[in-house]
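For reference, the structure is listed below as structure tokens.
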Amino acid sequence: MTIPEPAGRRTALHEADAAANRQLTTLDGWRTFAAGPPEPTVLLSSDELRRLSPAERALYDEDRLDHHARMLVVATSFVEKTVVCGRRLVLLNRHAISARRGLMVSGLPGTGKTSAITQLGLAHELLDRARHPNTAGRIPVLYITVPPAATARMVAAEFARFLGLPVRPRSNMTDIIEAVVGVCTDSGTGLVLVDEIHNVSQVTRAGGEVSDTLKYFSERIPATFVYAGIGLEASELLTGTRGAQIAGRFTLVPTRPFPYGDEWKGLVATMEQTLLLHNHPQGSLVKLDRYLHNRADGMIGALSHAIRGAAIDAVLGGTERVTKEALDEIPLDHAAETVRKPVKRAAAR
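For what it's worth, the UniProt record's numbering labels the leading residue of the sequence shown as 1, then goes sequentially.
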């Protein structure tokens, strides 16, 4: 087996780190995401491991750590439903000249909202490339997140930032909006993803102005708009006259924690198959699927965090396997840990 030189490996790792630091809220970051993750490192045999120098072993382990650090996107029923609904709306809106329909994805934190809308964006991006293989300069998808306490100018600047348009302190709103609309129209933008939309409140003046700005963008840009946020059904986004307009134009796709069942078992099995560990018996995590459901409270985000975290510890600690004890040592989000405590007390009685 040929092992690349450490210097070359360091360069590759540096480039991988730089790519990982790019955000989806920039065009370069989105295109890196659309290109797909790098091929995972091949798990070496015991003989191949012994032939590695200390420097080569350190770089090999670093590759595996990077692999486990990446968020795995699983084609859950919720992701598939979001993609189907989104694609349907894109087609229905294709020849619309006004009152385009949109999509809202709502749910608790950690239920896969961002993964779902980015997979919808990825599907749209790939289909657009297939339809326009020789057209350079197209930007089929635009992705932004709404900052906390956002103003209309801040949201318009997020659109411009994704497109790489300069926003100077003296730039007025009209200039920013016209520049964004012009680029999106010329580059064939057909899908606009707006994440963290729960940060918009219709009961405040600033929130109302943000809502109006998004509505204006949706009228000027011939694209389908997709909103994702926490608890949108009962949020201040849908209050008042502005909220009624959104509710009348947007289809809602709710997400919930996964019940314990075949799909949850499949999620655990899929994640286990991606592990790059030398002493991990395949199927041992599947046997813990009920424990993992209780541990993560049915949240795919918490499940992914627990398994990936334990895998990283297994590489760093040299155990090279994920066990129930190792999973117990991974601190999860506060919501999952809060649910876990009553379960532990009940088990102790």
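Beta carbons are placed, not taken as given, at the ideal position from N, Cα and C, and that holds for glycine.
| Asked | Found |
| --- | --- |
| Check whether Ser115 and Val73 have beta carbons under 8 Å apart | yes |
| For Asp195, the residue or residues it bridges with in DSSP | Thr145 |
| Buried versus exposed call for Asp289 [16 or more other C-beta atoms within 10 Å across all chains shown] | buried |
| Proximity below 8 Å, CB of Ala179 to CB of Ala160 | yes |
| Endpoints, the alpha helix (DSSP H) within which Pro54 is located | 54 to 69 |
| Local conformation of Val105 per DSSP, three classes | strand |
| For Ile230, the residue or residues it bridges with in DSSP | Gly107 |
| Buried/exposed call for Pro259, threshold 16 Cβ in 10 Å | exposed |
| Alpha helix (DSSP H) runs wholly inside the segment 206 to 265, at least 4 long, in chain order | 240 to 249 |
| Inter-residue spacing [alpha-carbon to alpha-carbon] between Tyr143 and Arg220 | 17 Å |
| Collapsed DSSP secondary structure at Asn294 in the structure displayed | helix |
| Whole-angstrom C-beta distance between Ile246 and Leu237, which should lie under 8 Å | 7 Å |
| Pairwise C-alpha distance: Thr274 and Gln202 | 43 Å |
| Rounded separation between Phe162 and Leu27 - CA only | 5 Å |
| Helix, strand or coil at Ala99 [DSSP, three-state] | coil |
| Whole-angstrom distance between Gly309 and Glu56, CA atom to CA atom | 23 Å |
| Residue interval of the alpha helix (DSSP H) (run including Lys287) | Careful: Lys287 lies outside any alpha helix (DSSP H) and carries neither H nor E. |
| Minimum C-alpha distance to Ile300 - residue among Leu24, Leu108, Leu44 | Leu108 |
| Residue nearest to Gly29 in terms of C-alpha spacing, selected from His95, Glu39, Thr255, Leu122 | Leu122 |
| For Thr189, the nearest candidate out of Glu48, Asn93, Ala306 (CA to CA) | Asn93 |
| Cβ neighbour criterion (16 or more within 10 Å) applied to Asn199 | buried |
| CB contact flag (Ala302, Gly110, <8 Å) | yes |
| Environment of Ser53 [buried if 16+ CB atoms lie within 10 Å] | exposed |
| Whether His278 touches Glu320 by CB criterion (8 Å) | yes |
| Beta-carbon proximity check, Leu120 vs Gly86, cutoff 8 Å | yes |
| Whole-angstrom distance between Arg88 and Gly102, CA atom to CA atom | 10 Å |
| Segments assigned alpha helix (DSSP H), at least 4 residues, entirely inside the segment 119 to 143 | none |
| Alpha-carbon to alpha-carbon, Val226 and Thr255 | 15 Å |
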